[in-house]
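Enquirer:
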Amino acid sequence: MSLQRTILTRVDTADAIAAELRALADPARAEQEKRYLKSDLEHVGVTVPAIRKVTVRAAAGLTRDETLALADRLWRRPVHECRPVHECRMAAIEVLIRNAPLLEAEDLAVAERMIRESHTWAYVDALAIKVVGDLVVRNAPLATTLDLWSADANFWIRRTALLALIPGIRSGDGDLTRLTKYGDALIEEKEFFIRKALGWVLRELSKKDPDWVAAWVRDRTDRISGVSIREAVRHLPEPDRDALLTAYRS
14 MSLQRTILTR VDTADAIAAE LRALADPARA EQEKRYLKSD LEHVGVTVPA IRKVTVRAAA
74 GLTRDETLAL ADRLWRRPVH ECRPVHECRM AAIEVLIRNA PLLEAEDLAV AERMIRESHT
134 WAYVDALAIK VVGDLVVRNA PLATTLDLWS ADANFWIRRT ALLALIPGIR SGDGDLTRLT
194 KYGDALIEEK EFFIRKALGW VLRELSKKDP DWVAAWVRDR TDRISGVSIR EAVRHLPEPD
254 RDALLTAYRS
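For the sequence shown, my numbering assigns the number 14 to the initial residue and increments by one for each residue that follows.
Now the structure itself:
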């Protein structure tokens, strides 16, 4: 496909998606969501399922280049040349998720840029798990980038390093060496979103290997945060859960 056609595709399709989202606008929802997310973007007020329905239809049949171009156009899209639009950013992420199998290792840089520009879990978590995590599962050498990210100054990037381990865990091929490395490095973090992410990853692993999670937490009850341990033990057998929480409290 020519560059000119790709540019036309991304502009026309992005405009069509934006128009559909505007047609679904709910001003009351927009105001409520803007407050909830503490967002400085423009909000239209469209539900996630509705955004997904519009976007999945538009993303069907696109090539990798078209997918990246459309996602970029939606991510940057301003309202009246002002600020980016929340729903368009959500749509950009859905475009990448819908066509994630088309993405290549070098496209990790695209996800990284979006995460660094996100400033909210509402974008970061989907990008971390469904885009970055998928790329790492399909391109094992990319895990070395997660090693760098786990110590990044940007806590959303550190959160991504943890959450990107989830797809491997869910498939039964979790990288427990990296989970231990990241966990030990981040277990005493003061940032809530890092503490929550650690607990979340451990919780996911506990569905596959509760004994490993129980042992890992047991060795760290003097260091782990309340947020992390409450998530980590949520699905453990009741005796293990109670024993670990008791040890933590004491």
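Every residue, glycine too, gets a C-beta built ideally from N, C-alpha and C.
Kindly indicate the opening and closing residues of the alpha helix (DSSP H) around residue 99.
Expert: Numbered from its first residue, the sequence shown carries residue 99 at position 86. From DSSP, the alpha helix (DSSP H) with residue 99 extends over 99–111.
Enquirer: Is the Cβ-Cβ distance between residue 163 and residue 118 less than 8 Å?
Expert: Counting from 1 along the sequence shown, the entry for residue 163 is found at position 150. Counting from 1 along the sequence shown, the entry for residue 118 is found at position 105. Between residue 163 and residue 118, the C-beta spacing is not below 8 Å.
Enquirer: What is the DSSP secondary structure of residue 79, counted as helix, strand or coil?
Expert: Taking the sequence shown and counting its residues from 1, the one referred to as residue 79 is at position 66. In the structure shown, residue 79 sits in a helix (DSSP, three-state: H, G or I).
Enquirer: Beta-carbon within less than 7 Å of residue 121's beta-carbon, same chain only, minus the 5 sequence neighbours each way: which residues are those?
Expert: As a first step, residue 121 must be located in the sequence shown, where it is residue number 108. The residues are 145, 148, 155 and 158.
Enquirer: Relative to the C-alpha of residue 124, which residue among 210, 194 and 174 is closest?
Expert: By 1-based counting over the sequence shown, the position of residue 124 is 111. Measuring from the Cα of residue 124, the nearest candidate turns out to be 174.
Enquirer: Would residue 171 pass as a contact of residue 128 if the rule is Cβ separation under 8 Å?
Expert: The residue labelled residue 171 in the question sits at position 158 within the sequence shown. The residue labelled residue 128 in the question sits at position 115 within the sequence shown. It is not a contact, given that the beta carbons lie outside the stated cut-off.
Enquirer: What is the DSSP secondary structure of residue 204, counted as helix, strand or coil?
Expert: By 1-based counting over the sequence shown, the position of residue 204 is 191. Residue state, collapsed to three classes: coil.
Enquirer: Using a Cβ-Cβ cutoff of less than 6 Å, which residues in the same chain neighbour residue 246 once the five nearest sequence positions on both sides are dropped?
Expert: Taking the sequence shown and counting its residues from 1, the one referred to as residue 246 is at position 233. Closer than 6 Å at the Cβ level, and outside the excluded window around residue 246, lie 254 and 257.
Enquirer: Starting from residue 146, follow the alpha helix (DSSP H) in both directions and report where the run begins and ends.
Expert: Along the sequence shown, one-based indexing puts residue 146 at 133. Per DSSP, the continuous alpha helix (DSSP H) segment holding residue 146 begins and ends at 146–151.
Enquirer: Give the DSSP-derived three-state secondary structure of residue 55 in the structure shown.
Expert: Position 42 of the sequence shown, counted from the start, is the residue given in the question as residue 55. It is a strand residue.
Enquirer: Look up residue 94 in the DSSP assignment and say whether it is helix, strand or coil.
Expert: Numbered from 1 along the sequence shown, position 81 holds the residue referred to as residue 94. Residue placement at residue 94 cannot be trusted, given a pLDDT of 48 that sits under 50; what the coordinates show is reported in the next sentence. DSSP places residue 94 in coil when its eight states are reduced to three.
Enquirer: Who are the near neighbours of residue 137 in its chain, counting only those whose CB is closer than 7 Å to its CB and skipping five residues on each side?
Expert: Along the sequence shown, one-based indexing puts residue 137 at 124. Cβ within range, chain order: 128, 131, 169, 172 and 173.
Enquirer: Looking at the structure shown, is residue 62 part of a helix, part of a strand, or coil, going by DSSP?
Expert: For the purposes of this step, residue 62 is identified with residue 49 of the sequence shown, where counting begins at 1. Three-state result, residue 62: helix.
Enquirer: If you follow the alpha helix (DSSP H) that residue 128 is in, where does it begin and where does it stop?
Expert: Position 115 of the sequence shown, counted from the start, is the residue given in the question as residue 128. First-last of the alpha helix (DSSP H) with residue 128: 121–129.
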